[in-house]
Amino acid sequence: MNKNIWKPFIYALLIVSGLLLGIWLKPNTNIGGFFSSGKNKINQTLHIINQAYVDSVNNDSLEDIAIDEILKQLDPHSVYIKSTDVKQVNEGLEGNFEGVGIEFTILDDTIFVANVIKDGPSQKAGIMNGDRIIKVDTQLVAGVGITSEQVFKTLRGAAGSKVNVTVYREESKRVISYSIKRGQIPIYSIDASLMLNNQTGYIKIERFAANTHEEFAQALQKLQGENMKDLILDLRGNPGGYLSAATEIANEFLDNKKLIVYTQSRNKNKTEYKAEQSGNFETGKLIILIDEGSASASEIVSGAVQDWDRGVIIGRRSFGKGLVQEPFTLSDGSVIRLTISRYYTPSGRSIQKDYTNGVEEYEHEIADRFIDGESMGTTSHKQTDSTIYKTANGRIVYGGGGIMPDVFVPMDTNYFTAFYSALFENKLLQRFVYSYSNTHRNKLMKNYSDAASFNSNFKITNELWNEFLSFVKSKSKKTFKQEDINKSAEKVRLHFKALLAKQLWQDEGYFMVINSEDRMIKEALKTLGTNYRELLKPKIETK
0 MNKNIWKPFI YALLIVSGLL LGIWLKPNTN IGGFFSSGKN KINQTLHIIN QAYVDSVNND
60 SLEDIAIDEI LKQLDPHSVY IKSTDVKQVN EGLEGNFEGV GIEFTILDDT IFVANVIKDG
120 PSQKAGIMNG DRIIKVDTQL VAGVGITSEQ VFKTLRGAAG SKVNVTVYRE ESKRVISYSI
180 KRGQIPIYSI DASLMLNNQT GYIKIERFAA NTHEEFAQAL QKLQGENMKD LILDLRGNPG
240 GYLSAATEIA NEFLDNKKLI VYTQSRNKNK TEYKAEQSGN FETGKLIILI DEGSASASEI
300 VSGAVQDWDR GVIIGRRSFG KGLVQEPFTL SDGSVIRLTI SRYYTPSGRS IQKDYTNGVE
360 EYEHEIADRF IDGESMGTTS HKQTDSTIYK TANGRIVYGG GGIMPDVFVP MDTNYFTAFY
420 SALFENKLLQ RFVYSYSNTH RNKLMKNYSD AASFNSNFKI TNELWNEFLS FVKSKSKKTF
480 KQEDINKSAE KVRLHFKALL AKQLWQDEGY FMVINSEDRM IKEALKTLGT NYRELLKPKI
540 ETK
């Protein structure tokens, strides 16, 4: 298999993680008290350039570049955020923004409504999943090369303000105008919470934000009301967030006074974070799913659970981010997010991977795991820290480079072909599913009462599959081998069904379908039913 096919997806993961990847002690610190009154060389240099340089220059732009380059010399997670970007960067962690309440994607130069947020302004107005936005107020937005950034600027605005949105609804072939009153839109941390069988619950956390614990507590209570005995907590792809959110989640699993994590600064100041009260899931079987996208706060929760032998960690080695940042606000509203301490798991492990070879190598380390074969299990991770640490039960664990799972599940690459790559790079599958759901929505909702019924009974017929392949052929400039199509067919069919379920029943539908064929979830269910207790015991060495 050509491993280069994977590179765009791996690099996209890194780009998407970007500024989200990390953990922060608190939302904001004013930086004013840190400066002395004397001019330093940087200020002197900027002053000289401003006074004597041959051409006129933008001082603000030069300052941005200088600050950015200085922080790059420190570590990969100390970053500079321009004042114009601060609000958007923080929205995901603050848990809300002001706007109309839709998720969108741009396909064929048209804004498709991918998801209408429940109880948001757009849902109240009548906007539906699959609607195509053609005009905002008097501005034509279809077929004009609009970007995602422009859509954000057009649809977002102060709560209480109004915006007129005109959509085309394919099923009824109608153009409809709606007046939408903008409001506070929640950004949920929990993607899904559902029962996988009659005793196993599943919760997927996307990020650790200000509202994560509240959402988690509600999800946990709901599942316990459905007789949940065991829990699978999915932290795959979760890039981190607030330290407080991580400790609150870990607190739900650990006895009172147990150490969750501790941080240590340059001055050796040590701060311990312990479970402060009885958690709501301290005794049931617990499995946490992680992968190379699980970072920071995700690793704090996983590390605490592993060190106390509270649950079994399943998946692949986590990202390896053990640095804590604190935001400092500059006079113009821009922010320096500066690394101020390292964190350590209860056994004393630092899970921070090496970054001494520079930012570029650090950023490519995840892709290297795939290229080197670690992600598929053909090679194993070489421990950079050979220090032996022990869990509460005496199991041996190591620090440096991330959390190693108790049960390794290799990345499935059997389905990955040029055909599969093209479907997602060009959003061909999305485009077809959106069109199909728009023209068949009423029939599908009539035939399937809920997501569970759809998951059990809906089948992609040969007729529908061939219709999809004809669409791909008409839209793609490439010719695909039948061998590649056959190799990817099962996985593509699964994603087809999952995306269709999301259009009809949002994230609950998507995860109900996708989880049914998820290798890690299958391994987790198998572990719960067989050797869960044995995995939490130390290995007995024989000589």
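Following numbering that gives the first Met the number 0, the numbering of the sequence shown begins with 0 at its first residue and continues without gaps.
From the three backbone atoms N, C-alpha and C, an ideal C-beta is built for every residue, glycine too.
Remember, it's a predicted structure, so these values are computed and weren't measured experimentally.
DSSP three-state assignment for residue i, whether helix, strand or coil
i: Glu325; result: strand
i: Glu169; result: coil
i: Met403; result: coil
i: Gly528; result: helix
i: Lys477; result: coil
i: Lys381; result: coil
i: Glu281; result: coil
i: Asp84; result: helix
i: Ser36; result: Residue confidence is low: Ser36 scores 49 on pLDDT, short of 50, so the model does not pin down where it sits. Its coordinate-derived value is still stated next. Looking at Ser36 - three-state DSSP - the assignment turns out to be coil, as it is neither helix nor strand.
i: Phe543; result: Absent from the structure is residue 543, since the part of the chain shown begins at 0 and ends at 542.
i: Ala523; result: helix
i: Gln276; result: coil
i: Ile248; result: helix
i: Asp306; result: helix
i: Val140; result: coil
i: Gly91; result: helix
i: Ile126; result: coil
Unbroken alpha helix (DSSP H) run spanning residue i, endpoints
i: Gln481; result: 481-514
i: Ala294; result: Ala294 -> no alpha helix (DSSP H), and no H or E assigned at all.
i: Arg336; result: Not the alpha helix (DSSP H): Arg336 falls in the beta strand (DSSP E), residues 334-343.
i: Asp371; result: 358-371
i: Lys445; result: 427-446
i: Asn95; result: From DSSP, Asn95 is part of no alpha helix (DSSP H) but of the beta strand (DSSP E) over 95-98.
i: Asp59; result: 58-71
i: Lys152; result: 147-154
i: Leu232; result: Looking at the DSSP string, Leu232 is not in any alpha helix (DSSP H); the run it does join, the beta strand (DSSP E), is 229-233.
Residue i versus residue j - alpha carbon distance
i: Gln183; j: Ala158; result: 6 Å
i: Lys472; j: Ser171; result: 27 Å
i: Asn114; j: Lys458; result: 23 Å
i: Ser346; j: Gly236; result: 25 Å
i: Val140; j: Lys86; result: 24 Å
i: Phe8; j: Asn49; result: Because the pLDDT of Phe8 is 48, which lies under 50, any placement of that residue in the model is unreliable, and the number read from its coordinates should be weighed accordingly. C-alpha separation (whole angstroms): 43 Å.
i: Lys536; j: Gly393; result: 8 Å
i: Ser36; j: Asp107; result: Its pLDDT being 49, under 50, Ser36 is placed unreliably by the model, and nothing is read from it.
i: Ile484; j: Asn413; result: 12 Å
i: Arg348; j: Gly321; result: 10 Å
i: Ser452; j: Asn437; result: 20 Å
i: Val311; j: Asp254; result: 17 Å
i: Ser420; j: Glu373; result: 21 Å
i: Asn39; j: Glu213; result: 46 Å
i: Asn250; j: Val135; result: 46 Å
Contact belief for residue i with residue j at Cβ below 8 Å, rounded distance in angstroms
i: Gly399; j: Ser317; result: That belief does not hold up - the Cβ atoms of Gly399 and Ser317 are roughly 12 Å apart, past 8 Å.
i: Thr246; j: Ile259; result: 5 Å
i: Phe207; j: Phe252; result: Actually they are not in contact, since the Cβ atoms of Phe207 and Phe252 sit about 15 Å apart, beyond 8 Å.
i: Ile189; j: Leu230; result: The pair is not a contact, with the Cβ atoms about 13 Å apart (cut-off 8 Å).
i: Ile110; j: Val334; result: About 30 Å separates the two Cβ atoms, so there is no contact after all.
i: Ala209; j: Glu93; result: 6 Å
i: Ile313; j: Thr526; result: 7 Å
i: Ile248; j: Val300; result: 5 Å
i: Asn425; j: Ser475; result: 7 Å
First and last residue of the uninterrupted beta strand (DSSP E) at residue i
i: Ala113; result: 109-115
i: Tyr241; result: 239-241
i: Tyr261; result: 258-264
i: Val311; result: 311-314
### Query
In chain order, which continuous runs of the alpha helix (DSSP H) of length 4 or greater are located wholly inside the region 160-224?
Runs of the alpha helix (DSSP H) lying entirely within the region 160-224 and spanning at least 4 residues, in chain order: 211-223.
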